[in-house]
Amino acid sequence: MSVGSSARELENLAFQNAISNDEAADVISDVDVMALKDFTEENLRLEQISDQDLCDYFASRKISRETLQRNGVMQTRRDNKMAIAFTYRKDGKIVNCKYRDAQKHFWQEKHGQKIPYGLDDIKEARDIIIVEGEFDKLSLEEAGYRNCISVPDGAPPKVSTKELPPVEQDKKYEFLWNAKEYYEQASRIYLATDADKAGQALAEELARRIGRERCWRVTWPRRSESTKELCKDANEVLIRFGQQALKEAIEGLDELYRVIPGELTLVTGVPNSGKSEWIDALLCNLNHAEGWPFVLCSMENKVQEHARKLLEKHIKKPFFHAKHGDPIPRISAEDLEQGKQWLNNSFFLIRCENEELPSIKWVLELAKAAVFRHGVRGLVIDPYNELDHQRPSNQTETEYVSQMLTKVKRFAQHHDCHVWFVAHPKQLQNWQGGAPSLYDISGSAHFINKCDNGIVVHRNWDPEAGPLGEVQILVRKVRNKIAGNIGNAYLSYDRFLWSSKLFHKFYSSR
Numbered sequence: 000m001s002v003g004s005s006a007r008e009l010e011n012l013a014f015q016n017a018i019s020n021d022e023a024a025d026v027i028s029d030v031d032v033m034a035l036k037d038f039t040e041e042n043l044r045l046e047q048i049s050d051q052d053l054c055d056y057f058a059s060r061k062i063s064r065e066t067l068q069r070n071g072v073m074q075t076r077r078d079n080k081m082a083i084a085f086t087y088r089k090d091g092k093i094v095n096c097k098y099r100d101a102q103k104h105f106w107q108e109k110h111g112q113k114i115p116y117g118l119d120d121i122k123e124a125r126d127i128i129i130v131e132g133e134f135d136k137l138s139l140e141e142a143g144y145r146n147c148i149s150v151p152d153g154a155p156p157k158v159s160t161k162e163l164p165p166v167e168q169d170k171k172y173e174f175l176w177n178a179k180e181y182y183e184q185a186s187r188i189y190l191a192t193d194a195d196k197a198g199q200a201l202a203e204e205l206a207r208r209i210g211r212e213r214c215w216r217v218t219w220p221r222r223s224e225s226t227k228e229l230c231k232d233a234n235e236v237l238i239r240f241g242q243q244a245l246k247e248a249i250e251g252l253d254e255l256y257r258v259i260p261g262e263l264t265l266v267t268g269v270p271n272s273g274k275s276e277w278i279d280a281l282l283c284n285l286n287h288a289e290g291w292p293f294v295l296c297s298m299e300n301k302v303q304e305h306a307r308k309l310l311e312k313h314i315k316k317p318f319f320h321a322k323h324g325d326p327i328p329r330i331s332a333e334d335l336e337q338g339k340q341w342l343n344n345s346f347f348l349i350r351c352e353n354e355e356l357p358s359i360k361w362v363l364e365l366a367k368a369a370v371f372r373h374g375v376r377g378l379v380i381d382p383y384n385e386l387d388h389q390r391p392s393n394q395t396e397t398e399y400v401s402q403m404l405t406k407v408k409r410f411a412q413h414h415d416c417h418v419w420f421v422a423h424p425k426q427l428q429n430w431q432g433g434a435p436s437l438y439d440i441s442g443s444a445h446f447i448n449k450c451d452n453g454i455v456v457h458r459n460w461d462p463e464a465g466p467l468g469e470v471q472i473l474v475r476k477v478r479n480k481i482a483g484n485i486g487n488a489y490l491s492y493d494r495f496l497w498s499s500k501l502f503h504k505f506y507s508s509r
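Read left to right, the sequence shown gives residues 0 to 509 (numbering that gives the first Met the number 0).
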């Protein structure tokens, strides 16, 4: 069957039209099948999956028998009909069971505990993935991710505009509070919910309770190059594109670009493509994850405006009131005081307050002082054309750029500090809206020759080429193969919400 086969065609491979399309409404009911509090496979009348229709059905969803067995997926017969049984376990013991029959009716044990599906798989996990359904949890295991849990009861229709209720009254998310001791030690939590509105609402509600500072959003890839529609969930990605595509959806840019101390990363892109925003978000992420402080020589940003944008990325709230009835509250006075302290400890500015342009020598001398005084691990120079580039009359621009980049690289290597250097492309003749290349940078080919990593940031403005505003991170050079690979990552812009990268977590394609 071709990768473009519809979800209905795939499901018709098994159950012979007995199970409806995935997009049909779930019917969930709590049925007291057996009024038990101590569940076992025997008293729940569960058995290993052997029914051929069920085997064919799971095969059509690309779920292997090994994955089913390890996750305790079993079968049971109720009212002379075969049903799938998802066993919910804690410390290996069954504490609840959720069932699905051929008509896609769901029910679960009335006296079962409310916990996520796969809870034991996130014990001591530093990274955790949360999905919307059991099939998505199984799909991610097929791609190699066991550190994944699924919510037990689906998604809400929309984000609540009310304040969070007390824990004891938060019944819809009781499963989350019951698992708090499992996920509170995690440093990163990937919200890999469905791409529909309900899935987005679920991700927001989870982030409100877990804490946006630890949450990364996963964006699923488009169903094909010719459509703007995204894959609905992890299982659809697995069915359409396979395990590698699912891995790329979760890992995204981490597989393409990793920040290595002592290296120079060149970043380019046409104006308003998001270069500075992406770098700022990357720095916030590194600060949250690794505690890195940074020194910034950002000549195009006013100090107060730059501080505001960094605070919004750190706190995950807008500085000013949101528009259009957005339920996200603005930064409070308490948030602001905490954020100002964070700024003071995390970012140090290099500014030239007089009318003279700063030279690269002057910038590197101040950055060296910041390394010794504050232990900074990263330097941003943004952009190249705002520096003073006076050179001897007998020196060509190519020779000057070569010497300048040599000084920057030596600084990075000697001080074990990563340097991001932003350089604009030259004026592109007959530009049609496509992404520039590293060779389009104004000045010299030495920019691409001498950098360790080369990245093009490009924003789509063509409605026929994909979602408007979609940002492409094009990794075009990686000298150190440990640091990543050549390839593309696609991000959708989210100004305030949970992703520490400012953008949603992204998927990549090579």
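Where is the CB? At the ideal position from N, CA and C, for every residue including glycine.
Alpha carbon of residue i to alpha carbon of residue j, nearest angstrom
i, j, result
"Ala23", "Pro156", "Low confidence applies here, because Ala23 scores a pLDDT of 34, under 50, leaving its location unreliable; read the following figure in that light. Spanning the two alpha carbons is a distance of roughly 14 Å."
"Arg376", "Phe346", "11 Å"
"Leu45", "Arg64", "16 Å"
"Asp195", "Gly91", "33 Å"
"Glu108", "Ala154", "19 Å"
"Arg83", "Arg213", "Note on identity: in this sequence residue 83 is Ile, with Arg being the wrong assignment. If I take the Cα positions, the gap works out to 34 Å."
"His417", "Arg478", "14 Å"
"Lys113", "Cys147", "17 Å"
"Lys80", "Val166", "38 Å"
"Tyr489", "Trp215", "15 Å"
"His373", "Pro292", "8 Å"
"His287", "Arg77", "50 Å"
"Leu67", "Ser149", "15 Å"
"Gln242", "Ala366", "44 Å"
"Lys161", "Lys171", "14 Å"
"Ile330", "Lys315", "9 Å"
"Tyr181", "Ile447", "45 Å"
"Gly143", "Arg60", "16 Å"
"Leu437", "Ile454", "8 Å"
"Lys339", "Pro328", "18 Å"
"Val217", "Glu276", "19 Å"
"Gly483", "Ser401", "25 Å"
"Ser49", "Lys480", "46 Å"
"Gly71", "Val269", "52 Å"
"Trp361", "Ala332", "37 Å"
"Ala411", "Asp461", "38 Å"
"Asp232", "Asp100", "21 Å"
"His313", "Asp334", "10 Å"
Residue closest to residue i, alpha-carbon to alpha-carbon, out of the options
i, options, result
"Pro260", "Leu348, Val370 and Met298", "Val370"
"His110", "Ile121, Asn393 and Val94", "Val94"
"Gln431", "Asn452, His413, Asn459 and Ala411", "Asn459"
"Ile188", "His413, Asn177 and Asp126", "Asp126"
"Cys230", "Thr192, Ile48 and Pro164", "Thr192"
"Pro89", "Glu364, Pro115, Asp461 and Lys97", "It should be noted that the sequence gives Lys, not Pro, for residue 89. Ranking the options by Cα distance to Lys89, first place goes to Pro115."
"Asp415", "Ile349, Leu263 and Gln51", "Leu263"
"His388", "Leu378, Leu404 and Val379", "Leu404"
"Tyr98", "Gln74, Arg208 and Gly117", "Gln74"
"Arg515", "Leu245, Thr39, Glu183 and Ala280", "Only positions 0 to 509 of the chain appear in this structure, which leaves residue 515 out of reach."
"Glu123", "Lys246, Asp232, Ser186 and Ala422", "Ser186"
Distance between beta carbons of residue j and residue i, contact taken as under 8 Å
i, j, result
"Pro435", "Thr267", "7 Å"
"Lys408", "Lys449", "7 Å"
"Val158", "Glu203", "5 Å"
"Ile380", "Phe420", "5 Å"
"Glu299", "Pro382", "6 Å"
"Leu163", "Arg208", "7 Å"
"Ala248", "Trp219", "6 Å"
"Val470", "Ile485", "Contact doesn't hold; Cβ gap of about 18 Å is too wide."
"Ile359", "Val294", "Incorrect: roughly 14 Å between the Cβ atoms, too far for contact."
Three-state secondary structure (DSSP) of residue i
i, result
"Glu22", "With a pLDDT of 35 at Glu22, under the threshold of 50, the modelled position of that residue is not reliable, and the figure given next carries that caveat. Glu22: coil per DSSP, three-state reduction."
"Cys147", "strand"
"Leu265", "strand"
"Met403", "helix"
"Gly198", "helix"
"Val158", "coil"
"Asp37", "coil"
"Lys89", "strand"
"Cys416", "coil"
"Leu490", "strand"
"Cys296", "strand"
"Cys230", "coil"
"Ile485", "coil"
"Phe318", "coil"
"Gly433", "coil"
Bridge partners - residue i, DSSP secondary structure assignment
i, result
"Arg60", "BP columns for Arg60 are empty, so no partner."
"Glu173", "None, per the DSSP bridge assignment."
"Cys96", "Thr86"
"Ile452", "In the sequence as presented, Ile is not what sits at residue 452; that position holds Asn. Asn452 is bridged to Thr264 and Val477."
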